[in-house]
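To start, the structure under review is shown below, and the notes come after it.
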Amino acid sequence: MSDAEQERKRAAAAAYDYDGDARWADYWSNILVPPNLASRPDVVDHFKRKFYQRYIDRDLVVEPMSSTGSTQPSRPDVRSSSSSPSSDNVRARNSGKEQYMLSIILFSRTYLTDEMFIFYDDAQLCMLKYLPFAPVLVVAGLGMLPILPKHLADRACKLSLLGTIFSSAYSLYNIYGSWLQSVLGTKDFIHLMFSLMLFTSQLHLKIAALPVFCWALDHVARFLRRNFARSTFYRKYLEEPCLWVETNNTTLSLLSSNAEIALGFLLIISLFSWRRGIIQTFMYWQQVLKLMYNAPVTSSYHQSAWAKIGRIVNPYIHRYAPFLQTPISAIQRWWFR
1 MSDAEQERKR AAAAAYDYDG DARWADYWSN ILVPPNLASR PDVVDHFKRK
51 FYQRYIDRDL VVEPMSSTGS TQPSRPDVRS SSSSPSSDNV RARNSGKEQY
101 MLSIILFSRT YLTDEMFIFY DDAQLCMLKY LPFAPVLVVA GLGMLPILPK
151 HLADRACKLS LLGTIFSSAY SLYNIYGSWL QSVLGTKDFI HLMFSLMLFT
201 SQLHLKIAAL PVFCWALDHV ARFLRRNFAR STFYRKYLEE PCLWVETNNT
251 TLSLLSSNAE IALGFLLIIS LFSWRRGIIQ TFMYWQQVLK LMYNAPVTSS
301 YHQSAWAKIG RIVNPYIHRY APFLQTPISA IQRWWFR
């Protein structure tokens with residue numbers, strides 16, 4: 001590729017709106033640059049070009065960051081022209097130490113963080129957090145297949161819920177520790193409550209596997225895109241599906257929210273069957289759906305789904321069953337508390 005083409009690509013990378021791209025904040029947060037280097041424009045510009053190469057234009061050539069320059073521009077010190085040789089030696093040793101440390105930092109950030117994106121400890125943590133969702137994704141997909149025998153589909157749904165329980169519990173323990181107050185309202189806690197409640201249920205509803213499938217799909221796509229973006233197999237077969245999952249994350253979240261709400265209504269309908277679970281149905285509406293409606297991480301999707309349900313149902317209630325307005329208002333007051 002010609003130098004003129006590379007100059008054009010570098011100009012496009014410099015003019016790109018990084019602040020408007022949500023992926024840049026996530027990318028930059030995973031690069032642990034020391035504070036004295038994070039504020040340097042050349043360091044930030046280097047990683048912006050690496051980000052642009054990773055997500056926008058893979059043909060952009062990003063040269064390794066120079067580590068030979070000192071952390072401060074060298075200039076003659078006119079005020080201390082008569083300084084002693086010992087002070088010059090001290091400054092030379094400090095400058096050499098700074099250059100040495102800077103070269104190590106730049107090497108690790110340029111060749112380890114940019115290529116692998118995460119260090120060994122972070123990679124180990126990332127694998128323990130995301131990899132359990134790969135079998136969950138497969139098992140949840142099998143549980144929703146209509147051609148699978150009922151006893152196998154029920155078992156697959158149970159296994160997917162059990163896998164989500166263990167994965168969410170580990171994530172909660174690893175990220176938040178024992179601080180219960182910080183755990184409440186997080187995605188992992190909501191997933192744990194949802195899976196735990198349905199795993200202990202006597203009902204076997206295939207729709208319960210749909211939210212689990214969406215969560216696992218998001219985790220697996222994120223893991224593959226973060227760690228195997230430079231793999232030939234990933235580029236050939238997995239890049240487009242992972243990119244689709246990332247760009248349609250809102251659609252998947254809305255689909256999951258609708259499935260969770262539909263599951264709540266199915267539990268109410270199941271109260272008229274011999275497999276009814278009154279306490280479980282109440283706990284699902286009280287602890288899971290209400291939490292999903294009010295928690296910041298899921299509230300926008302659930303509120304959108306409930307608003308759509310209200311627009312469809314309310315006209316029929318006002319027209320054919322106005323006597324239901326009073327109990328519905330009471331339920332809404334309890335719901336919004």
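End of the sequence shown sits at 337 in my numbering; the numbers just go up one at a time, nothing left out. No residue lacks a Cβ here, since even glycine has one placed at the ideal position from N, Cα and C.
Anyone know if the C-beta pair for Leu-192 and Ser-168 falls short of 8 Å?
The residue labelled residue 192 in the question sits at position 192 within the sequence shown. The residue labelled residue 168 in the question sits at position 168 within the sequence shown. In this structure, Ser-168 lies closer than 8 Å to Leu-192 by Cβ.
Buried or exposed (CB count within 10 angstroms, at least 16 for buried), Pro-211
Translated into the one-based positions of the sequence shown, residue 211 becomes position 211. The residue in question, Pro-211, is buried, as its Cβ has 16 or more Cβ neighbours within 10 Å.
Helix, strand or coil for Leu-148, going by three-state DSSP, please let me know.
On the sequence shown, position 148 is the one that residue 148 refers to. Here Leu-148 carries a coil assignment [DSSP, helix/strand/coil].
Are Ala-208 and Leu-198 closer than 8 Å when you measure CB to CB?
Residue mapping note: residue 208 aligns to position 208 of the sequence shown, counting from 1. Residue mapping note: residue 198 aligns to position 198 of the sequence shown, counting from 1. Yes.
Please state whether the Cβ-Cβ distance between Ile-278 and Leu-271 is less than 8 Å.
Your numbering for residue 278 matches position 278 in the sequence shown. Your numbering for residue 271 matches position 271 in the sequence shown. Contact: yes.
Contact set for Ser-257: own chain, Cβ-Cβ below 6 Å, skip 5 residues either direction:
Residue 257 sits at position 257 when you count from the first residue of the sequence shown. Closer than 6 Å at Cβ, skipping near neighbours: Tyr-301, His-302, Ala-305.
Under the three-state DSSP convention, the category Ile-56 falls into
Counted from its first residue, the sequence shown places residue 56 at position 56. Looking at Ile-56 - three-state DSSP - the assignment turns out to be coil, as it is neither helix nor strand.
Could you check which residue in Lys-158, Arg-225, Glu-240 has the C-alpha nearest to that of Phe-213?
Along the sequence shown, one-based indexing puts residue 213 at 213. Ranking the options by Cα distance to Phe-213, first place goes to Lys-158.
Going by alpha carbons, who is nearest to Ser-195 out of Phe-166, Ala-14, Val-44, His-219?
The count along the sequence shown starts at 1 and reaches residue 195 at position 195. Comparing Cα positions, the closest option is Phe-166.
If you drop the 5 nearest sequence neighbours on each side, which residues of the same chain put their C-beta closer than 7 Å to that of Met-283?
Stepping through the sequence shown from its first residue, residue 283 is reached at position 283. These residues qualify, in order along the chain: Met-197.
Tell me whether Val-245 sits in a helix, a strand or coil according to DSSP, three-state version.
Walking along the sequence shown from the start, residue 245 turns up at place 245. In the structure shown, Val-245 sits in a helix (DSSP, three-state: H, G or I).
So, does the CB of Ser-231 fall closer than 8 Å to a CB anywhere in chain B?
You won't find chain B in this structure, because it holds only one protein chain.
Start and end residues, alpha helix (DSSP H) containing Asp-21
For this step, residue 21 is matched to residue 21 along the sequence shown. Per DSSP, Asp-21 belongs to no alpha helix (DSSP H) and is neither H nor E.
What's the call for His-318, buried or exposed, on a 16-neighbour Cβ count within 10 Å?
Working through the sequence shown from its first residue, we reach residue 318 at position 318. Its Cβ having fewer than 16 others within 10 Å, His-318 is exposed.
Please work out which residues of its chain come closer than 6 Å, Cβ to Cβ, to Ala-156, disregarding the five sequence neighbours upstream and downstream, and give them in chain order.
Against the sequence shown, residue 156 aligns to sequence position 156. Correct list, in chain order: Val-139, Leu-142, Gly-143.
Quick check: Ala-229 and Val-245, are their CB atoms within less than 8 Å of each other?
Locating residue 229 in the sequence shown gives position 229, counting from the first residue. Locating residue 245 in the sequence shown gives position 245, counting from the first residue. Remark: C-beta atoms of Ala-229 and Val-245 do not approach each other more closely than 8 Å.
Given a cut-off of 8 Å on the beta-carbon distance, is the pair Gly-163 and Pro-135 in contact?
The residue labelled residue 163 in the question sits at position 163 within the sequence shown. The residue labelled residue 135 in the question sits at position 135 within the sequence shown. Cβ distance < 8 Å, so Gly-163 and Pro-135 count as in contact.
Could you give the distance in angstroms between the alpha-carbon of Tyr-55 and the alpha-carbon of Lys-48?
Taking the first residue of the sequence shown as position 1, residue 55 is located at position 55. Taking the first residue of the sequence shown as position 1, residue 48 is located at position 48. Each residue's alpha carbon lies about 11 Å from the other.
With DSSP collapsed to three states, give me the class of His-191.
Here residue 191 refers to the residue found at position 191 of the sequence shown. His-191 sits in a helix when the DSSP states are folded into three classes.
Find out if the Cβ-Cβ distance for the pair Val-62, Gln-53 is shorter than 8 Å.
Here residue 62 corresponds to residue number 62 of the sequence shown, with the count starting at 1. Here residue 53 corresponds to residue number 53 of the sequence shown, with the count starting at 1. Against a cut-off of 8 Å, the Cβ pair of Gln-53 and Val-62 comes out as a contact.
Whole-number beta carbon distance between Ala-13 and Leu-60, since they are thought to touch under 8 Å
Taking the sequence shown and counting its residues from 1, one reaches residue 60 at position 60. Taking the sequence shown and counting its residues from 1, one reaches residue 13 at position 13. The beta-carbon distance between Leu-60 and Ala-13, rounded to whole angstroms, is 6 Å. This is short enough to meet the 8 Å contact definition.
Assigned secondary structure, Gln-286 (DSSP; H/G/I helix, E/B strand, else coil):
Here residue 286 corresponds to residue number 286 of the sequence shown, with the count starting at 1. Here Gln-286 sits in helix by DSSP.
Under three-state DSSP, which class holds Asp-17?
Position 17 of the sequence shown, counted from the first residue, corresponds to residue 17. Coil.
Which term fits Thr-251, buried or exposed, when burial requires 16 or more other beta carbons within 10 angstroms of its beta carbon?
Within the sequence shown, residue 251 is the residue found at index 251, counting from 1. Counting Cβ neighbours within 10 Å, Thr-251 comes out exposed, since fewer than 16 surround it.
Classify Thr-200 as helix, strand or coil using the three-state DSSP reduction.
Translated into the one-based positions of the sequence shown, residue 200 becomes position 200. Reduced to three states, the DSSP call for Thr-200 is coil.
Please confirm whether Asp-57 and Lys-9 have their CB atoms less than 8 Å apart.
In the sequence shown, residue 57 corresponds to position 57, counting from 1. In the sequence shown, residue 9 corresponds to position 9, counting from 1. A contact, by the Cβ cut-off of 8 Å.
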